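Here the structure comes first, spelled out in structure tokens, and everything after it is commentary.
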Amino acid sequence: MAKTNPGNFFEDFSVGQVIRHATPRTVTAGDVALYTALYGSRFAVQSSDAFARSIGYERAPVDDMLVFHIVFGKTVPDISLNAIANLGYADCRFMKPVYPGDTLSTTSEVIGIKENSSGKTGVVYVRSTGVNQSGETVLEYVRWVMVRKNDIDLPTQDAVVPTLPDCVPADVIGEGLHEIDRQAYDTGLSGSEHLWGDYELGEKIDHLDGMTIEEAEHQLATRLYQNTAKVHFNQFTEKEGRFGRRIIYGGHIISLARALSFNGLGNGFHLAAINGGRHVSPCFAGDTVYAWSEVLDKEDKGPSLRGHALQSGRQILCRRRSARS
Amino acid sequence: MAKTNPGNFFEDFSVGQVIRHATPRTVTAGDVALYTALYGSRFAVQSSDAFARSIGYERAPVDDMLVFHIVFGKTVPDISLNAIANLGYADCRFMKPVYPGDTLSTTSEVIGIKENSSGKTGVVYVRSTGVNQSGETVLEYVRWVMVRKNDIDLPTQDAVVPTLPDCVPADVIGEGLHEIDRQAYDTGLSGSEHLWGDYELGEKIDHLDGMTIEEAEHQLATRLYQNTAKVHFNQFTEKEGRFGRRIIYGGHIISLARALSFNGLGNGFHLAAINGGRHVSPCFAGDTVYAWSEVLDKEDKGPSLRGHALQSGRQILCRRRSARS
Amino acid sequence: MAKTNPGNFFEDFSVGQVIRHATPRTVTAGDVALYTALYGSRFAVQSSDAFARSIGYERAPVDDMLVFHIVFGKTVPDISLNAIANLGYADCRFMKPVYPGDTLSTTSEVIGIKENSSGKTGVVYVRSTGVNQSGETVLEYVRWVMVRKNDIDLPTQDAVVPTLPDCVPADVIGEGLHEIDRQAYDTGLSGSEHLWGDYELGEKIDHLDGMTIEEAEHQLATRLYQNTAKVHFNQFTEKEGRFGRRIIYGGHIISLARALSFNGLGNGFHLAAINGGRHVSPCFAGDTVYAWSEVLDKEDKGPSLRGHALQSGRQILCRRRSARS
Chain A
47 MAKTNPGNFF
57 EDFSVGQVIR
67 HATPRTVTAG
77 DVALYTALYG
87 SRFAVQSSDA
97 FARSIGYERA
107 PVDDMLVFHI
117 VFGKTVPDIS
127 LNAIANLGYA
137 DCRFMKPVYP
147 GDTLSTTSEV
157 IGIKENSSGK
167 TGVVYVRSTG
177 VNQSGETVLE
187 YVRWVMVRKN
197 DIDLPTQDAV
207 VPTLPDCVPA
217 DVIGEGLHEI
227 DRQAYDTGLS
237 GSEHLWGDYE
247 LGEKIDHLDG
257 MTIEEAEHQL
267 ATRLYQNTAK
277 VHFNQFTEKE
287 GRFGRRIIYG
297 GHIISLARAL
307 SFNGLGNGFH
317 LAAINGGRHV
327 SPCFAGDTVY
337 AWSEVLDKED
347 KGPSLRGHAL
357 QSGRQILCRR
367 RSARS
Chain B
47 MAKTNPGNFF
57 EDFSVGQVIR
67 HATPRTVTAG
77 DVALYTALYG
87 SRFAVQSSDA
97 FARSIGYERA
107 PVDDMLVFHI
117 VFGKTVPDIS
127 LNAIANLGYA
137 DCRFMKPVYP
147 GDTLSTTSEV
157 IGIKENSSGK
167 TGVVYVRSTG
177 VNQSGETVLE
187 YVRWVMVRKN
197 DIDLPTQDAV
207 VPTLPDCVPA
217 DVIGEGLHEI
227 DRQAYDTGLS
237 GSEHLWGDYE
247 LGEKIDHLDG
257 MTIEEAEHQL
267 ATRLYQNTAK
277 VHFNQFTEKE
287 GRFGRRIIYG
297 GHIISLARAL
307 SFNGLGNGFH
317 LAAINGGRHV
327 SPCFAGDTVY
337 AWSEVLDKED
347 KGPSLRGHAL
357 QSGRQILCRR
367 RSARS
Chain C
47 MAKTNPGNFF
57 EDFSVGQVIR
67 HATPRTVTAG
77 DVALYTALYG
87 SRFAVQSSDA
97 FARSIGYERA
107 PVDDMLVFHI
117 VFGKTVPDIS
127 LNAIANLGYA
137 DCRFMKPVYP
147 GDTLSTTSEV
157 IGIKENSSGK
167 TGVVYVRSTG
177 VNQSGETVLE
187 YVRWVMVRKN
197 DIDLPTQDAV
207 VPTLPDCVPA
217 DVIGEGLHEI
227 DRQAYDTGLS
237 GSEHLWGDYE
247 LGEKIDHLDG
257 MTIEEAEHQL
267 ATRLYQNTAK
277 VHFNQFTEKE
287 GRFGRRIIYG
297 GHIISLARAL
307 SFNGLGNGFH
317 LAAINGGRHV
327 SPCFAGDTVY
337 AWSEVLDKED
347 KGPSLRGHAL
357 QSGRQILCRR
367 RSARS
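Protein chains in written order, with our numbering: chain A, 47 to 371; chain B, 47 to 371; chain C, 47 to 371.
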């Protein structure tokens with residue numbers, strides 16, 4: 047038993063601790079095809095080498111959320127194996143395109159801990175960084191999880207709660223973003239004529255389509271990301287028996303919503319940042335996922351970029367944090 | 047709502063109209079692996095680079111039906127989002143091998159329209175053309191669909207019903223077909239000793255094996271093809287509530303039947319053409335698909351080609367049209 | 047009907063017979079991604095080109111069990127289409143790394159036959175050899191299956207039962223194994239600090255995690271391997287109606303157990319050999335698979351190799367044969 051990974055408990059974390067996660071992963075055309083099969087994404091830049099090259103990429107970059115899931119998956123055995131809940135995300139930035147053939151690794155730094163009043167659990171805040179084989183950061187985000195204490199008699203550590211931005215600042219978003227050739231961007235092929243200038247503050251978009259989820263689908267997805275959280279795979283080990291069935295990895299829902307958002311946001315081909323997100327309700331096989339977006343803010347990033355719009359969705363989607371637990 | 051795609055209604059189509067479809071798609075080794083996993087196809091030419099090279103291909107070409115589905119999928123948002131039924135196919139020709147790395151795009155021309163007597167729907171005929179990144183046509187086919195009218199008070203357009211061949215003429219099939227080195231074709235590795243000369247007019251072949259279909263399988267397939275028809279994905283939006291469950295994309299059934307046909311037609315490694323086809327009954331998850339073939343005609347295409355035989359199948363399969371609606 | 051493959055019956059096999067199997071198969075990055083999605087394997091050598099190169103591979107080799115399944119799948123139409131049971135494996139050696147782009151073919155030699163006393167069935171022993179496109183052997187194993195007789199009036203052939211090793215000899219295991227740079231092997235990235243020297247004779251490791259299997263998953267897997275055994279795909283043709291549902295390909299279970307074994311054997315990145323194995327009970331969709339291992343023996347293979355440990359698992363896993371039928 048000693049050689050298996052028990053995961054870290056609340057008392058194993060301390061602020062400033064840096065954890066180098068296992069299993070580097072080379073992303074391939076096979077991962078890209080599976081990602082398309084799982085979500086049906088249709089953004090032309092990620093779908094077509096020819097289209098991507100025409101606007102200045104070296105070839106079709108990998109979908110941003112696929113990068114997120116692979117970087118995230120590596121953190122599970124160390125950060126959230128004993129987690130009760132994945133509470134939220136903030137300050138998530140996609141900093142460099144990832145191409146098939148790139149190898150991703152992840153490191154996390156503990157930036158906050160706060161024991162709950164029960165003395166049995168606590169919240170751990172980590173900043174996780176995904177790098178490619180050249181050591182360049184491709185993704186960075188903060189998440190916080192509620193983790194069990196193993197020995198509830200251990201003394202309480204002093205709480206450190208990090209200050210997190212409600213929004214990723216616009217000037218930071220620009221860094222590392224790919225400059226594209228706007229003239230070459232073909233809205234006939236991209237599938238939408240609606241560009242940044244066409245979206246208005248407060249505008250809401252119902253993305254219309256729904257997708258019913260099967261057990262095999264979310265399991266294939268979550269294993270593809272080498273995410274080992276037991277609750278997604280074993281119908282018998284759902285902790286506390288709260289639901290009595292497999293819980294779908296929350297990131298699977300974000301990817302579904304992102305793919306559905308093509309219908310209304312067809313030229314929003316790149317996630318520059320995720321300001322914040324929470325998984326408000328669990329999802330199960332048989333559920334049907336819909337998505338809508340609201341334009342919360344707009345900032346122009348200059349001629350070479352399309353600007354960005356803050357997007358809000360359904361309760362199961364990634365959204366701007368209004369409150370943090 | 048205005049930024050989402052409402053699809054085209056019957057009155058939006060007119061003869062001569064050319065529609066350039068969105069989302070160009072680079073086909074990869076990942077798509078090929080998924081196609082094998084979805085259907086279990088075993089034709090040696092598509093399975094092995096070494097085998098394909100030995101008979102003169104530059105490497106293993108992509109399965110013809112995978113090309114069909116990708117080219118077809120792009121037409122759905124523009125042609126059949128408001129379709130009630132996909133009525134039939136004709137004059138379908140596979141004109142050039144597609145290799146992993148090729149990028150496919152699709153254009154359709156409206157070649158016929160005919161309003162139904164109810165005044166609420168009409169039939170639209172389109173010729174769709176799939177091209178690769180060099181602009182070479184790889185696939186061409188006609189399909190006709192029954193589409194809703196949005197404004198039933200609009201006047202009836204004059205009917206134009208195209209003349210379609212019952213069979214793709216043999217001399218046309220030759221064009222663009224890959225010449226193979228017959229001496230190098232190894233029937234030990236291909237898995238069948240039965241060559242063109244061994245098949246007789248009228249011969250029927252029961253392909254024996256059956257395949258039970260799961261929801262996750264057809265959904266993965268249909269998303270892989272970026273086919274967005276709602277009825278395949280959302281258990282709640284099946285139009286009119288005719289069936290109350292997800293309808294399987296008809297092309298999924300054709301691919302299953304094609305893969306099953308290996309057992310009896312193991313050297314029929316390339317679809318030169320599909321003379322015509324109809325989806326006679328809907329298929330649902332839990333159904334088990336079988337296939338049989340009948341040799342309807344034979345024509346020798348000379349020493350470098352193996353000739354071709356017309357093939358007929360079960361009611362759910364692609365078959366020669368005997369009547370056209 | 048004559049053109050379909052009836053498979054071989056017991057009387058069709060004779061000792062010394064060599065069967066060249068159909069459908070050579072190029073392994074790709076697509077297969078690797080699907081394999082990860084199906085089992086969630088996390089061994090760093092197979093997951094990361096960068097990690098594999100750092101220890102001396104030209105790039106990430108394909109998972110050994112994926113090679114096994116592809117080599118095995120080709121034998122099914124010739125060896126086990128009329129099999130009642132797949133009785134066991136022995137003397138299985140993985141002799142050369144397989145990389146994406148390699149093309150695999152399989153040949154089998156009949157090395158034993160023994161009619162059962164009923165006169166209706168018999169056991170056939172075959173040694174199957176998987177080779178790459180250069181003709182190098184990558185995998186070799188013996189399996190024996192119980193096969194139906196077609197004509198029960200045919201006279202009994204003399205029994206020939208091969209002598210099979212209980213264990214693959216250690217000196218044979220060394221052949222063809224890849225020498226790795228031990229200094230460069232990074233246990234931080236591999237996910238485990240436990241090396242060969244840390245495992246003790248008799249040590250048992252419960253790999254903890256469980257995986258619930260879905261129909262779509264095992265069907266995708268088994269088709270990916272081009273394994274055509276009807277019992278895995280058609281809910282109606284399970285022979286004799288013994289179970290009334292689809293039986294999961296036994297190799298799917300081995301791969302699940304192998305992937306689960308990462309939790310406790312995280313540096314056991316390569317299967318050098320499988321001494322023997324049996325499928326003791328059938329598995330069905332809805333079952334949840336767990337795995338445990340026992341260190342049965344240890345032999346040091348010198349400084350360039352990590353030594354090997356014999357591994358035993360649950361009843362549904364591959365295990366050392368104690369008795370042979």
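Using N, Cα and C, we set each Cβ at its ideal position, and we do this for glycine too.
Bear in mind the structure is a predicted one, so any value in this text is a computation, not a measurement.
- The C-beta of Ala98(B) has 16 or more other C-beta atoms within 10 Å across all chains shown, which makes the residue buried.
- Here Thr274(B) is buried, its C-beta having at least 16 other C-beta atoms within 10 Å.
- Think of a sphere of 7 Å around the beta carbon of Ala230(A): no beta carbon from chain B falls inside it, the nearest being about 13 Å out.
- Contact annotation: in the segment 86-110 of chain C, residues whose CB is within less than 9 Å of a CB in chain A are Gly86, Ser87, Arg88, Phe89, Ala90, Ser93, Ser94, Asp95, Ala96, Phe97, Ala98, Arg105, Ala106.
- Contact with chain B is found for Gly76(C), since one of that chain's Cβ atoms lies less than 8 Å from the residue's Cβ.
- Beta bridge pairing from DSSP links Glu161(C) with Gly168(C).
- Close to Ala337(A), with beta-carbon spacing below 7 Å, lies no residue of chain B; the smallest spacing is near 11 Å.
- Proximity of chain A to Phe279(B) at the Cβ level (cut-off 9 Å) is accounted for by Gly86, Asp255, Gly256, Met257, Thr258, Thr334, in chain order.
- As the crow flies, the alpha-carbon of His325(C) is around 16 Å from that of Met111(C).
- Residue pairing for Cys138(A): DSSP places it in a beta bridge opposite Ile320(A).
- Pairing Gly76(B) with Ala79(A) gives a Cβ-Cβ distance under 8 Å.
- Beta-carbon to beta-carbon, Asn313(A) and Ser236(A) are separated by about 6 Å, close enough to satisfy the 8 Å threshold.
- Counting only Cβ-Cβ distances below 9 Å, Phe282(A) has contacts in chain C at Gly256, Thr258, Thr334, in chain order.
- Interface residue (Cβ-Cβ distance to chain C less than 8 Å): Ala262(A) is classified as such.
- At the C-beta level, Ile259(A) and Val335(A) come within 8 Å of one another.
- For Thr209(A), the secondary structure class from DSSP, reduced to helix, strand or coil, is coil.
- None of the residues of the segment 166-188 of chain A has a beta carbon lying less than 9 Å from any beta carbon of chain B.
- Annotated three-state conformation of Ile293(A) is coil, per DSSP.
- The beta carbon of Leu133(A) does not come within 8 Å of any beta carbon belonging to chain C, so the residue lies off that interface.
- Under the three-state reduction of DSSP output, Ser126(B) falls in the helix class.
- In the displayed model, Arg194(B) falls within a strand according to three-state DSSP.
- Beta-bridge partners of Arg105(C) (DSSP): none assigned.
- Under DSSP, Thr334(C) takes part in a beta bridge, and its partners are Thr258(C).
- Boundaries for Ile251(B): no alpha helix (DSSP H) harbours it, while the beta strand (DSSP E) harbouring it runs 250-252, taken from the DSSP string.
- Between Gly243(B) and chain C, the shortest Cβ-Cβ separation is not below 8 Å.
- Distances from the alpha-carbon of Pro123(B) to those of Arg88(A), Ser154(A), Asn132(A), Lys120(A) put Arg88(A) closest.
- For Ile226(A), there is no enclosing beta strand (DSSP E), since its DSSP letter is neither H nor E.
- The beta carbon of Val61(C) lies closer than 8 Å to those of Val156, Ile157, Gly158, Ile159, Val206 in the same chain, with the five residues before and after it left out.
- In this structure, the alpha-carbon of Val117(A) lies about 16 Å from that of Ala83(C).
- Judged by DSSP secondary structure, Arg66(C) falls within the beta strand (DSSP E) whose first and last residues are 64-66.
- Interface with chain C (8 Å Cβ-Cβ cutoff): Lys142(A) is excluded.
- As the crow flies, the alpha-carbon of Ala136(C) is around 7 Å from that of Pro211(C).
- With respect to chain B, the C-beta atom of Ala79(A) has a partner C-beta closer than 8 Å.
- The beta carbons of Ile125(C) and Val172(C) sit closer together than 8 Å.
- Ser339(C) and Gly53(A) have their C-alpha atoms some 20 Å from each other.
- For Ser93(B), the enclosing alpha helix (DSSP H) stretches over residues 90-93.
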